[in-house]
Every structure is written in C-alpha cells, then in structure tokens.
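Chains as they are written, first to last, in full-length UniProt numbering: chain A, 1 to 134; chain P, 1 to 386.
Reviewing the structure listed below.
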Ligand SMILES: [Zn+2]
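Given below as structure tokens:
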C-alpha cells in the first residue's frame, strides 16, 4: 500500500473536508471547493461559505477496481452530487444499498473515514453522502 | 511560418513487453523512424510520456532516450499532458520546426505500464485526475468515466449495447493491425458479458494497460528534399489545436461536452483550412467507449447527443462515411498512455501514405484527437497527404 503524503498536506483542508466549505464571489457565484478565482466571472473577491450538505445524485458508479489504498473498501459507490446551492461534488455514498441508488436520489453530507494507512499510519477523514436520516 | 512534414515513422507492437524496458521500447521506435526517413542525426528530441516516475522510477527521459539512441548532445525534454502527452509532444516538435528554430526534429511517445501491480497502475493513472478532490475519495479513472457513461446513457436514452458498438468496431479494425495488442474481432455480447469494473462500465468498454512506443521525424519540405526523402513518404501536419478544461469532473460546466476537444478542433480545422466533413478518417481517443461518442460530438462529426447514433447506424466502419479507429484505436491497438498520441500519429501517416493494413480508400486528410484526464487536456492534429 502506498505511503501517505506528509501529514500537513491534509491539514490544510480541514475546513473543506469536514464542513463542506465552499466559496462565494462578490457576484454571488457559489463553488466547491473554494478557489482563488471565481470560475464563472473571474472575480478574486471570494468569501468562504458553509454549504448545507444537502443534494441530489446526478450520476453514480460502483468502484470494483479501486486505486491502491482503497482495496479494503471495495466495492463502494461513488457519485456526483448536485448540492442545493448549485455546485457539484464528487464523493462516496455510504449507508446505502447499491440497488437503491437512483438519479435524483436525495442525500446529505456526513463525516466518515475515507482511508486508513498502515498500522502506524494516519487515518484520513472526510465527507461522504448518505440518504437523509429521518 | 514554415510548413512541417513528417518524413519517417516507426513503432513497436503494443502489448505486455516483459523482456523490454522503457528505454528499449523508445529507442526501437525512434531508430525505426530515423531509418524510415533515412537519416542519422536530428536537431532535437521531444518525448511524450505521462507517468514514467511511478511506473519505472525513471524521469529525465530526454537525456535517457537521446543518450541510448546515440543522438549526441542535442536538446531533449519530456512533455507531459496526461494521456495526451504523445499528442502534445508531437505538437511541440512541429512548433519547433515551424518556428524555424530547429530543422529536423524527432518525437517519440513511450509508456511502460505492465510492471506495476494492477491497483498501483490504477492509482498512477488517477494522478491525472484531481488528487485532492477525486483520487482522495478513491476515484479511479475508470470510475470517473463510468460516471460520465451513466449520465450520457440516461440523458440521451442509449443502452450499454449502443456503446459496445464502439468496442466492436475498434476490434474489427485492430484485428488487421500487426502492431495491435488485441488482434481478435469481438461481438456486442463479448462486451456485455465482460465483468463490470465500475458500473455501467465493463472491462470491454475500457482500453488495456500495456507497453509501447511510437515515433516520427519532422522537418520542412525544403529540408526533406535536401535530405533526399522521396515525396511519397511526406505527410504534412496541416493543423493543430490544444486546450484544457477543469481538471476535476465535478467542476465541468457540462458533463457531456468535451469543451477542450471542441476548442482544440476549432483551432486545428482553422489552421488546416478544412471542416469535419473534409476529413477522411478520425483517430479519436476511445480509452472508454463513451469517450469515442463524446469525441465525435466535440469534433463536429455528430450533433450533441448523437455520437453513439453514428455507431448504431454503421457510419464509423472503414468503408463508411466517418471511419474511426482504423488500426484498432486505444481499445484494440492498446493504450500505453503517454505513447498513444504518437501511435495515432504513426497510424495517420501510414493511412495517408497508403501503407495501412486496413486502408481507408483514397485517404487524403486524417485527424487525431488525444485526451488527457477525463477531458481536461486535449490535442487535435490534422494531417494531409502531400
Ligand atoms: Zn463569480
């Protein structure tokens, strides 16, 4: 299994990966993740916004031959989710029967373990999406 | 600007070369191209390669290959644009000749992929995706293309059978190419019965992991004459275009438009002074069947949403209106990633010289389209018989 990059590389993404922090430019264009330049209008005046984490599945797949480091989890569902604020996010789906996944299925964000390295290695956490818990 | 013509071409068979290393493959293709042109010296070398570092622990390919091919102390560099590295290296070589800076340029594309464990190979290929926002979540390249494939089928009402036709066409053509990895025709059922690797994408919707190298020699018509290369061997590089798009799939304006291909094609058509209907054959980047469909749409061969219809209507075969993948494409010839754009180039040269084993009758103009990432870095080149 490939060794992790040095830990600091992941620390800089705490907010985005745990709280789904996106960006909103002065003209109101919302994007995820936050970028230095608005991809719609080119503005560099961008503030951080927390996204609701609610969205709908627009496409999905079942990953059966994952990249090394993810073998333990296979097969797992991966989806493109359109958030209610507009941006699309790529993430794993969790707590769902693959047969139940469908176009337009409503999902919400949840923090989960993404990947575990060797015994003494770090554990990566981040967002996944699941059907809303009622 | 000066004109650029290809005067020599060479390639190795594509496959699992257990007994040959990256340098052996590259040097073999390069020397074949130089022999084909009848030359012993070049002014510079451009190497198209995507991921030699992780795959074979070798970077600095310019020095390595120039050294082992005996090219002397010339300038030589590696050009990387993910799976479009070969196409990009070709265009850098052509630019050097057109600008007047260099007179005789060699371009070689090479990749050695089969020494890695499959899941490591999957990881290395995903380096062309967005590391933080795609690979971090376990996305493989196959998975990203599967997301596009499912959305394409849903949006336009296509079935897995419809897309399988691209693989069937590629294998039918590859069967006649002695350099192809798979020289066997297949049926739609073969594709449908192959296992899912990322639903709805199956093993036979995808191109194989493999090794290979292809090379060309580029110069001006004046220099070609001076070198005594017979005119039947010349193939003009008539048009070139290149563009990038968002690196991550989720950030795309439209999941089903290869915008970078569209822009690259517009530039190439304009430079060559031709339109899609003037092209006699297309070598498109069918790393996955859905990408063949989207490519035909981006190149203006089919309307948006109708790329797969061309396959269904039988318009992509050698003797039809829009022949694609004349030597098997990435699917059957094989897809040694950084070398693919150069295989496409060599195949276009053979078609335009009338030397292809699967000849498109009276081919005069051909187009190659090379995709890096999930459509994030794309080259289009147009070639013309002189
Ligand atoms: Zn904006």
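The beta carbon of each residue, even a glycine, is placed where N, CA and C say it ideally should be.
- Taking non-hydrogen atoms of ligand 1 into account, the C-beta of residue 358 of chain P is found less than 7 Å away from none of them.
- For residue 185 of chain P, there is no enclosing alpha helix (DSSP H), as DSSP marks it with neither H nor E.
- Judged by beta-carbon spacing, residue 96 of chain P lies beyond the 8 Å limit of residue 109 of chain P, meaning their Cβ atoms are not closer than that value.
- Around the CB of residue 15 of chain A, fewer than 16 other CB atoms lie within 10 Å, so the residue is classed as exposed.
- In this structure, DSSP gives residue 93 of chain A an extended state, which the three-state scheme calls strand.
- At a cut-off of 8 Å between C-beta atoms, residue 256 of chain P does not count as an interface residue with respect to chain A.
- Of the residues assessed, residue 25 of chain A falls on the buried side of the cut-off, its CB having 16 or more other CB atoms within 10 angstroms.
- Not a single CB atom of chain P sits nearer than 8 Å to the CB of residue 27 of chain A.
- Rounded to the nearest whole angstrom, the C-alpha separation of residue 66 of chain P and residue 199 of chain P is 43 Å.
- Around the beta carbon of residue 1 of chain P, fewer than 16 other beta carbons sit within 10 angstroms, so the residue counts as exposed.
- Between the alpha carbons of residue 61 of chain P and residue 21 of chain P lies a distance of about 13 Å.
- With fewer than 16 other Cβ atoms inside 10 Å of its own Cβ, residue 123 of chain A counts as exposed.
- Two segments are said to touch when three or more pairs of C-beta atoms, one from each, lie closer than 8 Å; by this definition the segment 320-336 of chain P touches the segment 280-292 of chain P.
- Annotation: residue 27 of chain A is outside any alpha helix (DSSP H) and is labelled neither H nor E by DSSP.
- Within the segment 40-70 of chain A, contact with chain P at the beta-carbon level (separation under 8 Å) is assigned to 58, 59, 60, 61, 62, 63, 64, 65, 66, 67, 68, 69, 70.
- Distance from residue 291 of chain P to residue 186 of chain P at the Cβ level is roughly 18 Å; contact not present, criterion being Cβ atoms closer than 8 Å.
- In this structure, residue 305 of chain P sits away from residue 296 of chain P, with a CB-CB distance that is not shorter than 8 Å.
- Secondary-structure assignment with DSSP links residue 127 of chain A through a beta bridge to A:111.
- Put simply, of P:386, P:359, P:148 the residue whose alpha carbon is nearest the alpha carbon of residue 80 of chain A is P:148.
- The CB of residue 33 of chain A comes closer than 7 Å to the CB of 133 in chain P, given here in chain order.
- Bounds of any alpha helix (DSSP H) do not take in residue 159 of chain P, whose DSSP letter is neither H nor E.
- Taking residue 249 of chain P as the centre and dropping the five residues before and after it, the same chain places the C-beta of 144, 374 closer than 6 Å to its C-beta, in chain order.
- Remark: the shortest separation between the CB of residue 251 of chain P and any heavy atom of ligand 1 does not fall under 7 Å.
- Comparing alpha-carbon positions, the option among P:330, P:274, P:285, P:289 lying closest to residue 364 of chain P turns out to be P:274.
- The distance from the Cβ of residue 30 of chain A to that of residue 104 of chain A is about 21 Å, inconsistent with a contact at the 8 Å cut-off.
- In this structure, ligand 1 has a non-hydrogen atom nearer than 7 Å to the beta-carbon of residue 43 of chain A.
- Relative to ligand 1, the beta carbon of residue 40 of chain A is positioned inside 7 Å of a heavy atom.
- Taking 7 Å as the cut-off, one finds at least one heavy atom of ligand 1 near enough to the beta carbon of residue 29 of chain A.
- Taking CB atoms only, residue 294 of chain P has no neighbour in chain A less than 8 Å away.
- If you look at residue 11 of chain P, you'll find it in the beta strand (DSSP E) that goes 5-11.
- Excluding its 5 nearest sequence neighbours in each direction, residue 346 of chain P has C-beta neighbours in its own chain below 6 Å: 9, 11, 214, listed in chain order.
- Residues of chain P whose Cβ lies closer than 7 Å to the Cβ of residue 93 of chain A do not exist; the shortest such Cβ separation is about 11 Å.
- A distance of 8 Å or more separates the beta carbons of residue 59 of chain A and residue 252 of chain P.
- In the structure shown, residue 40 of chain A falls within a coil segment according to DSSP collapsed to helix, strand and coil.
- In terms of CA proximity to residue 260 of chain P, P:298 leads the group P:39, P:211, P:298.
- Listed along the chain, the chain A residues whose CB falls inside 8 Å of the CB of residue 197 of chain P are 64, 65.
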